[in-house]
């Protein structure tokens, strides 16, 4: 009896029977029910009598909870690795079946990495069902695990290598036979000798077509089942037609057969695919570098000794041992020992950091020397390393706007080429009366020389190279659209404090009341994370003030204004002059620079004025922007005099002082109506402006809210990174345009030449592979400094 889904014969006694029919296993039964519930019974009409592999349930029983994250909206998010993806049609098919399913909110697949980002509502759909959906269309999905991905890559490379060796060995022998045949044209070779050589070519060509070319057949078959035509279909249909004609011509004893061309076509295209695999691997070297952290062992105390443990299984509060050379995978707090740590992977700083008792231990760093034991304060998925990897993965799977346009073109490209091949055959056979053989060969050339892959890879490979090149420079683009948008920005807007000037301002003047309690002031300003509070805290510590953990109540920190709190019956207030007057407190002291006023119970007890120093690299960056004719604007919450002083020093012609968060947002909104604007900020008061800017930059040492609302995170917190971001964005967009121009021109020219009979199938196959490699190699130029 045959299984209702896979069509294989199985023992009737082992069959699973129900109202739908008989099935060989639970996997086939589940997929049949799924397709039936969606009204996709046409799948079995397209399947016809073809036998499929039984649906394995092994993958569904695996626990992938460690790989599922909850996003800020409360929905589940997971990255899957989907095998057997060959082209953009495969991407379309996987995205379509997932996005049409109730409960799946977002599904995007990256062509370059074969990684899918799936966001779903776990109250409506389970992860098991998502995996089944992908399985039912002929693909296999598993949670993307950097620990196992290297093994999968090795297996894929080994499979490609074996098929490539077979193809090259057969093609080399076919070439010797072809040389003998062509030499026979001039020496008068006997027909029976020629028939023997033709048969030898047939023997050598067959494994190349059906073993090396098996991946093309599988990909084409999967696409056809869902009424799609992909690049692999064009290649394999052309090669199969030439093979079938040659087989007929060999037995009919016609003068020409094309077994040599068939073998070389498959070999050339497969070489191109193999090099694509290597190039994609090379493009993601930086990501692999991050994943190398996860390939390290983590030694956890089990009550007796430190034993290796999977990073995903480590809980909060466990003790972890670190020695020289160890990579830190999870955040924590040092409990004993001392060690020097290389933090360059996290923030780009070359200076080693000393870890000692009570020091914070950050992941994504490497121990240089020493020995420490630390207690984990988070799970791996909440660590800094995981957050960086997560942001990078999300950036990879978001598609630039230009790529969406290319994909629309690509969906109709293969159908157009197939129609042109048919038109070519009719043109030569009926109009030119060139005969069946020549008409067929020219049509095959049209099929093979077209290269939708070059067009499909033009954007994603460039974007991938740009994202990883940026990460090497400690720049994290959260969305690849930001690269495209940044290259078009014509206005640059900057916050002042912490961006153009150092956040640690020095106190230039201070006026203190005799009633002031330094310890009380130190405890109060410790409630705020504002840069001014940090400078003031350092000043007070130098004055021998001692921090006392006072239990302040009703603490409120108001953006761009100040902070207020209550301690017992006393009310405390600290902030700028505007904030003081807003709370009906009179100040007669003349203030010129950046300042902080402290008041208790309505009486001013201290006034501090701060002096700003220009941040390193600010003048260089502004000079670079001016060379690009980018308009520069400075927005600050500081007073007019302090802002004018910095603007004059940096030669900034336009600035606005006394800006509240809403003011900054409104200015950028107004600019956005006419131009594209990038904004660089770092404070809580910059969050609104960061949200509305075309592209927003946040410095690593800025506030958490600023980092959450930015498009680009500068892990190194220097202005050189802004310049590098702009250079990278412009170079990337330029290369994307070069790739698209080359791809379109190549296809337009090559298809025309093949249509006119000026290119044979052998040259067509080599040209097609070459065009994809040109696009990939050009994209990899982004990695050059």
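In my numbering, the protein residues as written are 410 to 1194.
Where is the CB? At the ideal position from N, CA and C, for every residue including glycine.
Keep in mind that this is a model prediction, so the values were computed, not measured.
In the displayed model, residue 961 falls within coil according to three-state DSSP, outside both helix and strand. DSSP links residue 535 through a beta bridge to no other residue.
Contact annotation: residue 1191 and residue 891 have beta-carbon atoms that are not nearer than 8 Å. With a beta-carbon spacing of about 28 Å, residue 1023 and residue 967 fall beyond the 8 Å limit used to define contacts. The three-state reading of DSSP puts residue 1023 in strand, counting E and B together. The DSSP-derived three-state label of residue 1096 is helix. Contact between the segment 1056-1075 and the segment 1035-1048 is present: three or more C-beta pairs spanning the two stretches fall below 8 Å. Unbroken beta strand (DSSP E) runs of no fewer than 3 residues, entirely contained in the segment 873-900, are found at 884-886, following chain order.
The alpha helix (DSSP H) runs of length 4 or more contained entirely in the segment 1022-1078 are, from start to end of the chain, 1027-1036, 1049-1059. Between the alpha carbons of residue 1175 and residue 525 lies a gap of roughly 31 Å. Taking the Cβ atoms as the reference, residue 729 lies roughly 7 Å from residue 741, within the contact range of under 8 Å.
Taking the CA atoms as reference points, residue 645 sits about 7 Å from residue 626.
Note on residue 581: under 16 other CB atoms within 10 angstroms of its CB, so exposed under the neighbour-count rule.
Counting of Cβ neighbours within 10 angstroms places residue 680 among the buried residues, the total reaching 16 or more. Counted as a single uninterrupted DSSP element, the beta strand (DSSP E) harbouring residue 785 occupies residues 775-785. Secondary structure at residue 484: coil, using DSSP grouped into helix, strand and coil. According to the DSSP assignment, residue 1132 belongs to the alpha helix (DSSP H) that extends over 1129-1164.
Spanning the alpha carbons of residue 508 and residue 821 requires a straight line of approximately 20 Å. Nearest neighbour of residue 674 by Cα position, chosen from 1173, 1134, 650, turns out to be 1173. Beta-bridge partners assigned by DSSP to residue 629: none are found.
Residue 624 carries a helical assignment under DSSP once its states are collapsed to helix, strand and coil. In this structure, the straight-line span from the alpha carbon of residue 905 to that of residue 1020 is close to 13 Å. Between the alpha carbons of residue 486 and residue 480 lies a gap of roughly 7 Å. In this chain, the beta strand (DSSP E) harbouring residue 979 covers 979-984.
The continuous beta strand (DSSP E) containing residue 425 extends over residues 425-427. In the DSSP assignment, residue 717 falls outside any alpha helix (DSSP H) and lies within the beta strand (DSSP E) extending over 715-718. Taking residue 789 as the centre and dropping the five residues before and after it, the same chain places the C-beta of 720, 721, 723, 738, 739, 795 closer than 7 Å to its C-beta, in chain order. Residue 709 is bridged by DSSP to 716, 729. Counting every other CB atom within 10 Å of its CB across the protein chains shown gives residue 599 a total below 16, marking it as exposed. Within a 10 Å sphere around the beta-carbon of residue 736 sit 16 or more other beta-carbons, which makes this residue buried. With respect to the C-alpha of residue 1077, the residue from 1001, 1006, 1102 having the closest C-alpha is 1102.
Within the DSSP secondary-structure output, residue 511 pairs in no beta bridge. Secondary-structure assignment with DSSP links residue 1122 through a beta bridge to 885, 1107. Below 8 Å, too few C-beta pairs join the segment 1025-1033 and the segment 1000-1007 to call them touching: fewer than three.
Distances from the alpha-carbon of residue 917 to those of 837, 869, 977, 1016 put 1016 closest.
Residues 1087, 1104, 1134, 1135, 1138 of the same chain have their beta carbon placed closer than 7 Å to that of residue 895, with the five preceding and five following residues left out of the count.
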